[in-house]
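Peer 1:
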Amino acid sequence: MVKRTRIKEVLDSTAYGSEVTIKGWVRTFRNNQFIALNDGSTINNIQAVVDFNNTDESLLKRITTGAAVSVTGELVESLGKGQKVEIKAKSVEILGDCDPETYPIQPKKHSLEFLRENAHLRFRTNTFGAVFRVRHALAFAVHEFFNKKGFVYMHTPIITASDAEGAGEMFKVTTLELGNPPRNEAGEIDFKQDFFGRATNLTVSGQLEGELAAMAFGEIYTFGPTFRAENSNTTRHLAEFWMIEPEMAFYDLVDNMNLAEVFIKYVIGYVLTNNREDLEFLGQRLVEEEKQKPQNERSELGLIEKLEFVTNNDFERVTYTEAIDILKNSKQNKNKKFQYLIEDWGADLQSEHERYLVEKHFKKPVILTDYPKDIKSFYMRLNEDGKTVRAMDILVPGIGELVGGSQREERLDKLTKRMDEMGIPTEELWWYLDTRRFGACEHSGFGLGFERLVLFTTGMTNIRDVIAFPRTPKNAEF
RNA sequence: UCCUGAGUAGCUCAGCCGGUUAGAGCAUCUGACUGUUAAUCAGAGGGUCGCUGGUUCGAGCCCAGCCUCAGGAGCCA
């Protein structure tokens with residue numbers, strides 16, 4: 049059996065005269081002799097030239113867009129313009145036919161909306177090929193970064209019993225019969241008879257379990273699927289998404305911010321050096337797309353310039369209180385251009401405010417810290433002022449919140465007091481509180497939405513286009 | 001969930017004030033051409049106008065309800 053060479057390797061080769069075998073999917077077949085073939089190893093196609101005068105007519109007819117073919121031939125310098133090398137085909141074998149009458153992907157521009165409805169085939173387009181190679185590179189860089197720093201990768205449970213984290217609506221997990229569940233004497237569904245002997249849900253965060261592990265390994269991270277049953281219909285929310293959650297003992301909020309910033313710069317830097325061609329294509333795609341927008345709505349920087357800017361510049365760090373001052377004194381606020389005007393300290397920031405800070409005022413990623421306790425979660429460490437907590441959110445242009453994190457409240461009395469105030473049942477989270485009873489220490493962590501990172505890095509604008517098979521309200525096809 | 005907009009050929013879209021046989025480009029098919037770059041040229045086929053009901057002599061177009069999608073908001077990562 050002849051060994052297959054990946055197209056990326058062939059395109060980089062100068063071994064003219066040697067024989068190679070490539071296998072891939074036909075992108076176009078031009079002029080009855082030029083096959084543009086792609087195997088996913090690179091965004092670039094290789095051109096295989098068929099001698100149509102000496103090739104069976106019935107074989108030529110089967111070389112159609114989308115067909116899987118194997119080509120064996122001689123690697124030669126290309127006679128035509130547009131590519132350096134090509135393959136002079138000696139033999140072409142159709143591995144899998146593709147009926148052009150019914151194959152949805154045509155050699156033309158398709159709308160992202162159409163491709164979303166054909167998510168099973170969209171990997172075969174340039175755009176989605178590039179997006180998912182970048183996604184892979186980012187995921188790999190995440191593990192490489194933490195591994196180099198000595199973090200332990202924890203797999204926290206996907207099915208959880210706690211319904212107490214307050215991170216959003218949860219999906220129920222049950223084996224009970226939906227139409228006729230067993231009931232107790234009070235007429236309520238009797239979860240004692242369920243698979244786990246209690247009500248369970250899909251996880252909304254691995255943080256609480258992550259904290260337990262950090263109290264032994266020092267530094268850990270999780271990277272896994274997360275589920276939110278919110279009826280969210282936006283370009284930045286999914287019902288099933290992947291989240292990275294580092295948790296570090298002996299880190300205060302500043303250590304936490306430093307880690308998050310270095311981390312983001314590292315993974316983006318990895319893609320800048322390893323996925324150059326994909327980024328160039330995605331950057332070009334973005335330019336084309338923005339041509340339809342009015343001048344003042346277009347990005348100032350190209351995709352690669354934007355990513356280089358992020359890796360080369362410090363993120364802006366401001367407290368919530370300073371941010372409120374900036375917003376309050378902004379022209380937008382004074383001219384009542386905000387839909388929600390900033391009046392008093394304590395209000396939650398709306399998307400328009402975050403966007404103003406990031407895109408108009410600072411024009412770079414911003415880390416907002418020390419939010420009012422009333423708009424943040426129970427586990428965040430209370431500041432000396434008694435009003436604010438050691439929270440930090442990282443906001444980036446075009447996406448908004450990329451990271452949400454905090455220094456955790458390690459003082460048992462303050463934590464339980466806060467839980468009581470917010471109606472979080474302490475008895476259900478006894479195991480979490482045990483970390484505050486047995487060797488508690490200063491610690492911090494954050495959560496980063498992986499798809500939002502992919503969005504930012506690829507310049508795509510809809511989160512459903514950076515995950516293979518998006519799960520959103522009314523959509524679980526594929 | 002709320003606001004706004006959209007749904008017409010495989011895809012992208014046009015369709016006038018409600019009027020006779022619903023169009024274009026691309027794709028597909030047939031033929032020609034053969035160093036092309038989303039090849040080109042000629043011809044052909046292709047429609048449940050999102051669904052249901054209503055108004056009307058007559059509805060792709062008007063009205064009501066529903067479904068789906070997109071953008072924005074909320075929830076958040």
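Position in the first sequence (first residue = 1) + 48 = the working numbering. Every residue, glycine too, gets a C-beta built ideally from N, C-alpha and C. All of these numbers come straight from a predicted model, not from anything done at the bench.
(1) Considering only residues of the same chain and omitting the five flanking positions on each side of Arg485, which have a CB-CB separation below 8 Å?
(2) Is the segment 291-306 touching the segment 478-496 in the sense that three or more CB pairs, one from each, lie closer than 8 Å?
(3) Nearest-angstrom Cα distance between Phe176 and Arg284?
(4) Given this structure, state the Cα-to-Cα distance separating Glu525 from Asp513, to the nearest angstrom.
(5) Out of Arg429, Glu278, Glu402, Arg181, which one is the CA nearest neighbour of Lys522?
(6) Mind checking who Gly493 pairs with in its DSSP beta bridge?
(7) The alpha helix (DSSP H) with Met467 in it runs from where to where?
(8) If you pair each beta-carbon of the segment 116-125 with each one of the segment 156-174, do three or more pairs fall below 8 Å?
(9) Between His491 and Phe298, how many whole angstroms is the CB-CB distance? I'm expecting something under 8 Å.
(10) How long is the line joining the alpha carbons of Pro518 and Glu217, rounded to whole angstroms?
(11) Rounded to the nearest angstrom, what separates Ser126 and Ile55 at their Cα positions?
(12) Excluding the 5 residues preceding and the 5 following Phe77 in the sequence, name in chain order all residues of the same chain whose CB lies nearer than 6 Å to its CB.
(13) Taking the CB atoms as reference points, tell me whether Glu257 and Pro205 lie closer together than 8 Å.
(14) Which same chain residues, not among the five before or five after Thr369, have their C-beta less than 8 Å away from its C-beta?
(15) Is it the case that the Cβ atoms of Leu320 and Leu355 are separated by a distance below 8 Å?
(16) Please report the straight-line C-alpha distance between Leu250 and Lys240, rounded to a whole angstrom.
(17) Does the Cβ-Cβ distance between Leu286 and Ile423 come in under 8 Å?
(18) Using the Cβ count rule (16 or more neighbours within 10 Å means buried), how would you classify Trp479?
(19) Short of 7 Å in beta carbon distance, which residues of its chain neighbour Leu80, apart from the five on each side in sequence? Order them along the chain.
(20) Measure how close the beta-carbons of Val182 and Asp326 come, nearest whole angstrom, since I'm counting them as under 8 Å.
(21) Would you give the residue range spanned by the beta strand (DSSP E) that Val335 belongs to?
(22) Per the DSSP calculation, Phe275 is bridged to which residue(s)?
(23) Locate the beta strand (DSSP E) running through Thr436, then write down its first and last residues.
(24) Are the Cβ atoms of Asn361 and Lys412 separated by less than 8 Å?
(25) With a threshold of 16 other CB atoms inside 10 Å of the CB of Gly144, please say whether the residue is buried or exposed.
Peer 2: Result, derived from the coordinates:
(1) Sequence-distant partners of Arg485 (beyond 5 residues in either direction) whose C-beta falls short of 8 Å from its own C-beta, in its chain, are Leu460.
(2) Under the Cβ criterion (8 Å, minimum of three pairs), the segment 478-496 counts as touching the segment 291-306.
(3) Near 18 Å, if we compare the C-alpha coordinates of Arg284 and Phe176.
(4) One C-alpha to the other measures close to 14 Å.
(5) Closest by alpha carbon: Glu278.
(6) Answer is Glu295, Ser454, bridged to Gly493.
(7) Run containing Met467: 460-470, per the alpha helix (DSSP H) assignment.
(8) Inter-segment contact for the segment 116-125 and the segment 156-174 is absent: fewer than three beta-carbon pairs are separated by less than 8 Å.
(9) A Cβ-Cβ distance of about 7 Å is found for the pair His491 and Phe298, placing them in contact under the 8 Å criterion.
(10) If you take the alpha carbons of Pro518 and Glu217, they lie about 18 Å apart.
(11) A straight line joining the alpha-carbon of Ser126 with that of Ile55 spans about 15 Å.
(12) Take Phe77, set aside five residues on each side of it, and the residues of its chain with a beta-carbon closer than 6 Å to its own are Ile83, Ile111, in chain order.
(13) A contact, by the Cβ cut-off of 8 Å.
(14) Spatial neighbours of Thr369 in its own chain (CB-CB distance under 8 Å, excluding positions within 5 residues in sequence) are listed in chain order as Trp393, Asp418, Thr436.
(15) With a cutoff of 8 Å on beta-carbon distance, Leu320 and Leu355 are scored as near each other.
(16) Rounded to the nearest angstrom, the two C-alpha atoms are 18 Å apart.
(17) Not in contact: Leu286 and Ile423 (Cβ atoms no closer than 8 Å).
(18) Classification of Trp479: exposed, given that the 10 Å Cβ count is below 16.
(19) Note that residue 80 is Asn in the sequence shown here, rather than Leu. Hits under 7 Å: Phe100, Leu108.
(20) With 8 Å as the limit, Val182 and Asp326 qualify as a contact, their Cβ atoms being about 5 Å apart.
(21) Looking at the DSSP string, Val335 is not in any beta strand (DSSP E); the run it does join, the alpha helix (DSSP H), is 324-338.
(22) DSSP lists Glu288 as partners of Phe275.
(23) According to the DSSP assignment, Thr436 belongs to the beta strand (DSSP E) that extends over 436-444.
(24) It is a contact, given that the beta carbons lie within the stated cut-off.
(25) It counts as exposed.
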